[in-house]
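Enquirer:
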Amino acid sequence: MKILITGGAGFVGQALRRALGNEHTLTILDTAPAPADLGPSTRWIEASILDEAALREAFAGQQAVFHLAAALGVRACQEREDIVEQVNVGGMEAVIAAAIATPSVEHLLFTSSSEIYGDGEPGRIFREQDEPAPRSAYGRSKVAGEKLMAAAAASPEGARLSYTAFRLFNAYGPGQRADFVVPAFCRAALQGEAPVVHGDGLQTRTFTFIEDIAAAMVAALERRAPARAAGSFEVFNLVSEETLTIASLAQLVCLSAGEQPQVIHRDHEDPSVGRSKRFEVSRRVADNGKAREALGFRPATPLSEGVRRTLDDIRTRAASGARA
């Protein structure tokens, strides 16, 4: 199958490329330059999704499109809402228009986010049918993306495609950007420092290993089910079943790195903190039953193993002089 991945140089994009393997012909559209080890079955277009000519070139002849390109980071997006609107919302509009205008494209798949749910009270488990309640500009942009897909699926011109949105829950693993919580904790522990926890550390999360997420995304493309019919719009929570607090995560990382478990608590309004208290989420736990049934989703990587593999990757990169 001929597949386009926008944002294919990013953390999720790299994992998706590995999961797709060599069985498909890939085109990557990304603002980053092509890596030196690009395989012969992969074409790389260095451009923005807002570049109309590049988008037309990238879409030509494709059968499926994974749209991953986006402005990332809750705090960064909050500080530049104009960029979020332009890239995440305007970019989605451009991608949908290009998909509809390209006769060969049959499937459009999109990485949404658990940020769309907002905060959850104690005991709440989010499900796909729940009403979105995002607290950040980033979350609102992902809600807008899903709504644009739903509208396209219901439109006369867009109904020939199938549409899928993946709500990712705290994806982590080797190669993730250093400012995300798991790699940040890992780097601190490997340097013999105490991880910095914002607030009381009782925020509850479900961290999901990137390879498990990528496998589910591939399964969504390859499955043969009525829900994937033309004109359909499906949403899936891609979330593990291991729930823990941020403070517990910090302790796990320290122990996995061979260090004494210790943390430094820092106020949310400290300028070094990644998320302002105004946008903090105390609990984010979700049900993955729909993905399990429809995609065969089975999060196979325990958090302890995922943390170990992330630590090993950071050690290896540091030893080789590569950017971690």
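Using full-length UniProt numbering, read the sequence shown as starting at 1 and increasing by one per residue. For each residue, glycine too, the CB sits at the ideal point set by N, CA and C. Bear in mind that the values here come from a model prediction, so they are computed numbers and not experimental data.
Determine the burial state of Asn-22: buried for a count of at least 16 other Cβ atoms within 10 Å of its Cβ, exposed for fewer.
Expert: The residue you call residue 22 lines up with position 22 of the sequence shown. Asn-22 counts as exposed, since fewer than 16 other beta carbons sit within 10 angstroms of its beta carbon.
Enquirer: Please state whether DSSP places Arg-308 in a helix, a strand or coil.
Expert: Taking the sequence shown and counting its residues from 1, one reaches residue 308 at position 308. The answer is helix: DSSP assigns Arg-308 an H, G or I state.
Enquirer: In its own chain, which residues sit with a C-beta less than 8 Å from the C-beta of Val-218, not counting the 5 before and 5 after it?
Expert: The residue given as residue 218 occupies position 218 in the sequence shown. If we look at Val-218 and ignore the five residues flanking it on each side, its Cβ neighbours are Leu-16, Ala-19, Leu-20.
Enquirer: On a Cα-Cα basis, can you pick out the residue from Val-89, Ser-48, Leu-26 that is closest to Ala-64?
Expert: By one-based count along the sequence shown, residue 64 stands at place 64. Of the listed residues, the one whose Cα sits closest to Ala-64 is Leu-26.
Enquirer: DSSP state of Asn-88, grouped into three classes?
Expert: For the purposes of this step, residue 88 is identified with residue 88 of the sequence shown, where counting begins at 1. The answer is helix: DSSP assigns Asn-88 an H, G or I state.
Enquirer: Please classify Ala-137: is it buried, with 16 or more other beta-carbons within 10 angstroms of its beta-carbon, or exposed?
Expert: Position 137 of the sequence shown, counted from the start, is the residue given in the question as residue 137. So Ala-137 ends up on the buried side.
Enquirer: Kindly indicate which residue of Ser-41, Leu-68, Ala-215, Thr-6 has the alpha-carbon position closest to the one of Arg-56.
Expert: By 1-based counting over the sequence shown, the position of residue 56 is 56. That would be Thr-6, whose Cα lies nearest to the Cα of Arg-56.
Enquirer: Relative to the C-alpha of Ile-116, which residue among Leu-202, Glu-106, Pro-134 is closest?
Expert: If you number the sequence shown from 1, residue 116 lands on position 116. Ranking the options by Cα distance to Ile-116, first place goes to Pro-134.
Enquirer: Could you compute how far the alpha carbon of Gln-251 sits from the alpha carbon of Val-281?
Expert: Here residue 251 corresponds to residue number 251 of the sequence shown, with the count starting at 1. Here residue 281 corresponds to residue number 281 of the sequence shown, with the count starting at 1. Approximately 20 Å between the Cα atoms of the pair.
Enquirer: Compute the Euclidean distance between the alpha carbons of Leu-190 and Ala-214, then round it to the nearest angstrom.
Expert: Walking along the sequence shown from the start, residue 190 turns up at place 190. Walking along the sequence shown from the start, residue 214 turns up at place 214. Distance between the alpha carbons of Leu-190 and Ala-214 is about 27 Å.
Enquirer: Taking its Cβ as the centre, do 16 or more other Cβ atoms sit within 10 Å of Ala-230, making it buried, or is it exposed?
Expert: Against the sequence shown, residue 230 aligns to sequence position 230. Under this definition Ala-230 is an exposed residue.
Enquirer: Determine the direct distance from the alpha carbon of Ala-153 to that of Ile-49, and round the result to whole angstroms.
Expert: Position 49 of the sequence shown, counting from 1, holds the residue named residue 49. Position 153 of the sequence shown, counting from 1, holds the residue named residue 153. So the two alpha carbons sit approximately 21 Å from each other.
Enquirer: Of the residues Ile-264, Glu-293, Ser-256, Ala-294, which one's Cα is nearest the Cα of Val-307?
Expert: What you label residue 307 is simply residue 307 of the sequence shown in a count that begins at 1. Comparing Cα positions, the closest option is Ser-256.
Enquirer: From the DSSP output, in three-state form, read off Glu-115 for me.
Expert: Here residue 115 corresponds to residue number 115 of the sequence shown, with the count starting at 1. In this structure, Glu-115 counts as helix in the three-state DSSP scheme.
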